[in-house]
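Here is the structure we will look at.
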Amino acid sequence: MRLSQTFTKTRKDAPADETSKNAQLLIRAGYIDKELAGVYSYLPMGLKVLENIKNIVRDEMNALNSQELIMTNLQSPDLWKSTGRWDEKSVDVWFKTKLQDGTELGLAWSHEEPILNMMQQFITSYRDLPTSVYQFQTKLRNELRAKSGIMRGREFVMKDMYSLHASQKDMDQYYERVIEAYKKIYSRLGIGNDTFVTFASGGSFTKFSHEFQTICDAGEDTLYVSDDKTIAVNKEVLDDATQELGVDKSKLNAVITAEVGNIFKFGTEKSEKMNIKYTDSDGVRKPIYLASYGVGITRVMGVIAEKYSDDKGLVWPENIAPYKVYLARLGESNEVIKASDETYKSLQKAGVTVLFDDRDVRPGDKFADADLLGIPFRLIISEKTIRNGKYELKIRTDETPVMIELDKLIKRLANQA
RNA sequence: CAGGGUGUAGCUUAGUUGGUAAAGCGCCGGGCUGGGGGUCCGGAGACCGGAGGUUCAAGUCCUCUCACCCUGACCA
566 MRLSQTFTKT RKDAPADETS KNAQLLIRAG YIDKELAGVY SYLPMGLKVL ENIKNIVRDE
626 MNALNSQELI MTNLQSPDLW KSTGRWDEKS VDVWFKTKLQ DGTELGLAWS HEEPILNMMQ
686 QFITSYRDLP TSVYQFQTKL RNELRAKSGI MRGREFVMKD MYSLHASQKD MDQYYERVIE
746 AYKKIYSRLG IGNDTFVTFA SGGSFTKFSH EFQTICDAGE DTLYVSDDKT IAVNKEVLDD
806 ATQELGVDKS KLNAVITAEV GNIFKFGTEK SEKMNIKYTD SDGVRKPIYL ASYGVGITRV
866 MGVIAEKYSD DKGLVWPENI APYKVYLARL GESNEVIKAS DETYKSLQKA GVTVLFDDRD
926 VRPGDKFADA DLLGIPFRLI ISEKTIRNGK YELKIRTDET PVMIELDKLI KRLANQA
């Protein structure tokens, strides 16, 4: 993409009404725009980041043989009434609306009931199990208070997966595979080392659920972690969980974290309430075992923005950066224009995503934008680099650049997909 | 939802005891520049969140209201 053709602009000042680091940086860089409190639009480059995160998650879900679909945002109250979750005393984040004829509708804050109801049409026999489906969906939640930029909004993107099984054992085994897949996801997203699988409250269906919590100052949770990082317990279940695990809680250290994923087993509780059943090999109708698995996609983006940034701006991990290279042309001579145009084409041809700063602005503006946007590699083409016959490459996190030949450069950048 | 705070140009802000709005950034035109948001000249851009009230006169005082932020509560 040529920067001269993008409509977004960077800015020096963050809006006064944004105090969270993630929103300040993302708005300054032109990745997102605030529409309402807790409601953000994703602009072209922000969307690229979001899609990159989704693609990593999608990849791992597909590897679990889960099938992607997409459910609706308008929901019928009937299903939710069957599980007692239409009542605002039970679920206090509902947005509710009406059709013109007065029929009540709910706006999707979750999709458990609708997705399971839909699945019942197809899953009727033990031969149909196990199966697993997932989606990336916009959830609408009437939170009393939105906060922390895109980390806790009233409208956000979530990946939710649901697995259906004929037995507890099968569900347990799949659940373990999902934990491993989640670990891979967070590792590929660049936050693996700071993300813990934790024991958390299981709500009414199971004693504990597992949360994936990432160390982040802007987070809302407190985790107690063992020195070797193998045990992590959410504060809300500290006493119960340490007792269950036989761990001395005084040996655990508190850290502030943000919840980036939550998985839990419903077992047969929910399918019994919703009457979701299959016919087993013995001809008996039995409730389906269910488990569900979420990843807060937009929240992950916020957490990464919080964690990977410095005083100059964002520092995207390579896997999710909107572009891999920021190609800055310094100078407006025909020679420099020609050389940079050619490099732009060569990189694209090699499959390297490039944001080409072809604007006629001062070098300082380009350096500042390259840093603020957080593109992993900055490549400079100028009279100087042309004279040297080499290109100047700087990694976002490095202080000093290196000089490199084009073929080596392309090899280096193209190999890092 | 409770408590606290803030609304003035696209953004960040200033605005005195009430007298019809000022600057920086950004934007437009031009000059000098050209490796870390440079500089100079000229210009456009705001019915001061909204409604009502007090007053000869309201950005400023009063009432109501809306929005946004923070702390807490809440958070399958």
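Quick note: the first sequence uses my numbering, first residue 566, plus one each step. C-beta: ideal position from N, C-alpha, C; glycine also. In this text, all values refer to a predicted model and were calculated from it rather than measured experimentally.
Unbroken beta strand (DSSP E) run spanning residue i, endpoints
i, result
"Pro852", "Arg850 to Pro852"
"Asn627", "Counting along the chain, Asn627 falls outside any beta strand (DSSP E), though it belongs to the alpha helix (DSSP H) covering Pro609 to Ala628."
"Asn818", "Asn818 to Gly832"
"Gly671", "Glu669 to Leu672"
"Lys599", "Ile597 to Leu601"
"Lys654", "Here Lys654 belongs to no beta strand (DSSP E), and DSSP marks it neither H nor E."
"Asp983", "Residue 983 lies beyond the stretch modelled for the chain, which goes from 566 to 982, so this question has no answer here."
"Ala765", "Thr760 to Ser766"
"Arg742", "Segment Gln733 to Arg753 is the alpha helix (DSSP H) holding Arg742; no beta strand (DSSP E) there."
"Arg593", "Careful: Arg593 lies outside any beta strand (DSSP E), inside the alpha helix (DSSP H) at Lys586 to Arg593."
Beta-carbon gap between residue i and residue j smaller than 8 Å
i, j, result
"Phe701", "Ile862", "yes"
"Ile756", "Ala588", "no"
"Ile969", "Pro941", "no"
"Leu958", "Tyr891", "no"
"Ala819", "Val868", "no"
"Leu670", "Lys663", "yes"
"Ala797", "Val790", "yes"
"Ile951", "Ser911", "no"
"Gly878", "Leu591", "no"
"Thr787", "Ile750", "no"
"Lys842", "Arg850", "yes"
"Met610", "Pro887", "yes"
Spatial neighbours of residue i in its chain, beta-carbon cut-off 6 Å, leaving aside the 5 residues before and after
i, result
"Lys599", "Tyr605"
"Asp923", "Arg567, Ser569 and Arg894"
"Ala982", "Because Ala982 sits at a pLDDT of 47, beneath the cut-off of 50, its placement in the model cannot be relied upon, and the following sentence gives the value as read from the coordinates. Excluding sequence neighbours, Ala982 sits near nothing in its chain."
"Val656", "Arg650"
"Pro928", "Leu895"
"Lys835", "Leu855"
Proximal residues to residue i (C-beta, below 8 Å), its chain only, five neighbours per side dropped
i, result
"Tyr747", "Glu625, Val762, Phe777, Gly826, Ile828, Tyr858 and Val860"
"Lys574", "Gly595"
"Arg864", "Ile715, Met716, Arg717, Phe721, Ala823, Glu824 and Val825"
"Ser732", "Tyr854"
"Trp674", "Val656, Val658, Trp659, Phe660, Lys704, Leu705, Arg706 and Asn707"
"Tyr727", "Glu677, Ile680, Leu681, Met684, Ser697, Val698, Tyr699, Leu855, Ala856, Ser857 and Tyr858"
"Ile744", "Val762, His775 and Ile828"
"Lys889", "Glu883, Val917, Thr918, Val919, Ile940, Pro941, Phe942, Leu978 and Gln981"
Counted within 10 angstroms of its Cβ, other Cβ atoms place residue i as buried (16 or more) or exposed
i, result
"Phe687", "exposed"
"Asn840", "exposed"
"Thr689", "exposed"
"Pro695", "buried"
"Lys1044", "Lying before the first or after the last residue shown, residue 1044 is absent from the chain, which here runs from 566 to 982."
"Asp847", "exposed"
"Ile635", "exposed"
"Leu810", "exposed"
"Arg710", "exposed"
"Tyr601", "Per the sequence shown, residue 601 should be read as Leu rather than Tyr. It counts as exposed."
"Arg977", "exposed"
"Ser815", "exposed"
"Ala1005", "Only positions 566 to 982 of the chain appear in this structure, which leaves residue 1005 out of reach."
"Val802", "buried"
"Ala765", "buried"
"Arg692", "exposed"
"Ala904", "buried"
"Asn799", "buried"
Boundaries (first-last residue) of the alpha helix (DSSP H) holding residue i
i, result
"Leu938", "Pro928 to Leu938"
"Asn953", "Glu948 to Asn953"
"Ile862", "Ile862 to Lys872"
"Glu900", "Asn899 to Lys914"
"Asp805", "Leu803 to Leu810"
"Ala979", "Leu971 to Ala979"
"Met683", "Glu677 to Gln685"
"Phe704", "First, the residue type needs correcting, since residue 704 is Lys and not Phe in the sequence shown. Counting along the chain, Lys704 falls outside any alpha helix (DSSP H), though it belongs to the beta strand (DSSP E) covering Thr696 to Leu705."
Beta-carbon contacts of residue i that lie in its chain and below 7 Å, excluding the five residues immediately before and after
i, result
"Val880", "Tyr873, Ser874, Gly939, Arg961 and Thr962"
"Asp972", "none"
"Arg753", "Ile621 and Asn884"
"Ala979", "Ala915, Gly916 and Val917"
"Phe572", "none"
"Gly767", "Phe773, Ser774 and Phe829"
Evaluate contact between the segment 903 to 920 and the segment 640 to 653, counting only Cβ atoms and requiring at least three cross-stretch pairs below 8 Å. Two segments are said to touch when three or more pairs of C-beta atoms, one from each, lie closer than 8 Å; by this definition the segment 903 to 920 does not touch the segment 640 to 653.
For the segment 727 to 745 against the segment 704 to 715, do three or more pairs of beta-carbon atoms, one drawn from each stretch, fall closer than 8 Å, so that the two count as touching? Between the segment 727 to 745 and the segment 704 to 715, the count of Cβ pairs shorter than 8 Å is below three; the stretches do not touch.
Is it a yes or a no for the segment 571 to 586 touching the segment 614 to 621, going by three-plus beta-carbon pairs under 8 Å? Verdict: no, contact absent.
Would the segment 893 to 911 count as touching the segment 864 to 883 if we require 3 or more Cβ pairs under 8 Å? No contact exists between the segment 893 to 911 and the segment 864 to 883.
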